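The structure appears right after this line, and notes come after that.
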Amino acid sequence: MKNGTIRRKGRLAAAALALILGSGTAEAQVATPATDRPVPMTLRPAIDRPATVFEGWGTALAWFAHVTGGWPEAERTRLADLFYGPQGLGWTIARYNIGGGNAADTPPYMKVGRAVPGFWRQPAGVTGKDWWRADDPSMWDWGQDANQRWWLDAITARVKQPIFEAFSNSPPWFMTVSGRVSGAEKGSDDNLRPGQEAAFATYLVRVTQELQRRHHLTFRTLSPVNEPNTSYWFAANTQEGAHWSPARQAQMIDATAAALKAKGLAAVVAAPDETASNLFVQDWAAYPPATRAAIGQLNVHSYGTVHQTAVRDIARSSGIKLWMSENDTPLSGDPEDLTGMATPLAFAEHVVGDLKRLEPAAWVFWQAVEDLSTRKGEKGSNWGIVKADLMGSADQPHAIHVTGKYWAMAQFSRYIRPGDRLVPVDDMDTVGALSADGRRLVLVHVNPGLSPRPLTVAVPGRWQRRMIVTDAGHKAAEVAGDVAPPQSIVTLVLTR
């Protein structure tokens, strides 16, 4: 408060002096407030030290795909174009959710889209939990989950070399302790019944194999556990989930690797898909050497960012590829806003931080489409990058709202492309990537403040430069100049 008072008195004194001297209006002579003055910045990308080869951007399909894949053709096609089309975000990665599925007589209790069906069929008259046989064709139902599977075909049609990962949130209900795919009675308890690791692995691998055959694609990875070492997953939850202690994780990873090998699939195990980096480190520390060797790709989510460089180092020392396989970052307390910049800026800062600290080979969004909450007069939130009424009837029109977060993502995914290599940049608000031939350098810079930032790029040689901006007045638009406006996301594309 005291400093603010001094600054105000100083400006008033300057104005009075200007009037006394007769040098024009007082306003014309008042200095621009310090917070609004330009803050020049020099960015120094280390193009001589390219690091991780980047594979691309994408989303988990799961809930939103389970809903929107059944929408009218024009609407679901528009969504697929927005995310995977060449004029959209240019995503190349998709994570397909293999549902567990509750018992048919379980009253519905999950939120919209979250009851992803399983591919099993329970014969009439059987009871209990020990009836399922993987080698009995009558106990499989390959007609399930048509809506999410529509997205597999839509992505294959739009992306030249898509990367598909299959992942699981929960075993089928009959393999669980609680009889619910939302978790055990207590969130700290493991929910897979003891001794069911091989059966669950067989289920996941058989689904992966059949989807490959039916949809003419290849799953590169299979992730059997999701955010396992947390207390999120309890029976009364409204989504699928399962707790796995590190010891049970190791057993499940081993069983999945063995099942993949037995079926002759090229897919490898991805794990542990932990919610936060510090939990990832705990899980990895507890795995025996044989389990570590069974993992073909390391997956971590970035809802918790403590120890991210430790995860990076685990990937480096083990020689295993690392993905940031799930995140969405709405600004806490920010009400649903389709055009504002508060959440897009927070989201962009988070992406920059992930790429700088984790140095992952991919960055994958959670749910690209989220439910439009303000339709019910609620405050809502800014999860998702597109909003729509997911609770509306499938055969009725659905308004599709592209949010500011979509354009924030475009600043990254349209320009940092598969095959580029991440490069260190000496500014905490900037991430860089260099093309394989070294002739295109991309820098994404986030300016969350109130001062414009003239940007100088210190790289040797002659480079042509383009600037793309998302702020309150631009949606991933190319603009002239070299200044990052206040509260903006700027992509610089340098070519030579």
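Residues -28 to -1, 1 to 468 in mature numbering (1 follows the signal peptide of the UniProt record, and there is no 0) are what the sequence shown spells out, letter by letter. From the three backbone atoms N, C-alpha and C, an ideal C-beta is built for every residue, glycine too. The model shown is predicted, which means the values in this text are computed figures rather than measured ones.
By the 16-neighbour rule on beta-carbons within 10 angstroms, Pro17 is buried.
Each residue's CA atom was taken as its position, placing Ser195 and Val341 some 22 Å apart.
With contacts defined as CB atoms closer than 8 Å, Ile440 and Ala449 qualify as a contacting pair. Separation of Leu464 and Glu137 (C-alpha to C-alpha, rounded to the nearest whole angstrom) is 31 Å. Judged by their CB atoms, Met82 and Thr210 are nearer to each other than the 8 Å cut-off. For Thr375, there is no enclosing alpha helix (DSSP H), since its DSSP letter is neither H nor E. Runs of the beta strand (DSSP E) spanning 3 or more residues and lying entirely within the segment 346 to 413 occur at 358 to 360, 393 to 395, 402 to 406, in chain order. With a cut-off of 8 Å on Cβ pairs, the segment 126 to 137 is not in contact with the segment 148 to 161, counting fewer than three such pairs. Boundaries of the beta strand (DSSP E) harbouring Ser297: 293 to 299, taken from the DSSP string. By the Cβ test, the segment 365 to 379 is not in contact with the segment 390 to 400, since fewer than three Cβ pairs between them sit closer than 8 Å. When C-beta atoms of the segment 235 to 242 are compared with those of the segment 260 to 273, three or more pairs fall below 8 Å, so the two segments count as touching. Shown here, Asp162 sits in a strand according to DSSP, grouped into three states. Take the alpha-carbon of Pro95 and the one of Val149: they are about 21 Å apart. For Arg93 against Asp162, the beta-carbon gap comes to about 26 Å, at or over 8 Å, which does not count as contact. Gln59 counts as exposed, since fewer than 16 other C-beta atoms from the protein chains shown sit within 10 angstroms of its C-beta.
When the Cα atoms are used, Leu124 and Arg425 turn out to be separated by approximately 42 Å. Residue burial annotation: Leu33 is buried, with at least 16 other C-beta atoms found within 10 angstroms of its C-beta. Following the DSSP letters along the chain, one finds Asn69 inside the beta strand (DSSP E) bounded by residues 65 to 70. Annotation for Ile127: the continuous alpha helix (DSSP H) segment containing it runs 118 to 130. By the Cβ neighbour-count rule, Arg434 is exposed, with fewer than 16 other Cβ atoms within 10 Å of its own. The segment 399 to 415 makes no contact with the segment 346 to 364; the number of CB pairs closer than 8 Å stays below 3. For the pair of segments examined, the segment 323 to 342 was found to touch the segment 293 to 306: the number of CB pairs separated by less than 8 Å reaches three. With contact defined as three or more Cβ pairs closer than 8 Å, the segment 273 to 292 and the segment 245 to 261 are in contact.
Between Ala366 and Trp122, the C-beta spacing is not below 8 Å. The segment 219 to 278 is shown to contain whole alpha helix (DSSP H) runs of 4 or more residues at 249 to 258, 261 to 266, in chain order. Contact fails between the segment 94 to 110 and the segment 39 to 58, because fewer than three Cβ pairs, one in each stretch, are under 8 Å apart. Looking at Thr190, Leu183, His215, the one whose alpha-carbon comes closest to that of Val197 is His215. By the C-beta density criterion, Glu212 is buried, having at least 16 other C-beta atoms within 10 angstroms. Listed as beta-bridge partners of Asp443 by DSSP are His446. Taking the CA atoms as reference points, Gly62 sits about 13 Å from Ala126.
A direct Cα-to-Cα measurement between Met224 and Ala173 gives close to 7 Å.
Relative to the Cα of Leu183, the nearest Cα in the group Pro218, Leu237, His370 belongs to Leu237. The beta carbons of Val414 and Tyr387 sit closer together than 8 Å. The beta carbon of Arg178 is closer than 7 Å to those of Ala106 in its chain, skipping five residues each way along the sequence. With at least 16 other beta carbons inside 10 angstroms of its own, His273 counts as buried. Around the beta carbon of Pro10, fewer than 16 other beta carbons lie within 10 angstroms, which makes this residue exposed.
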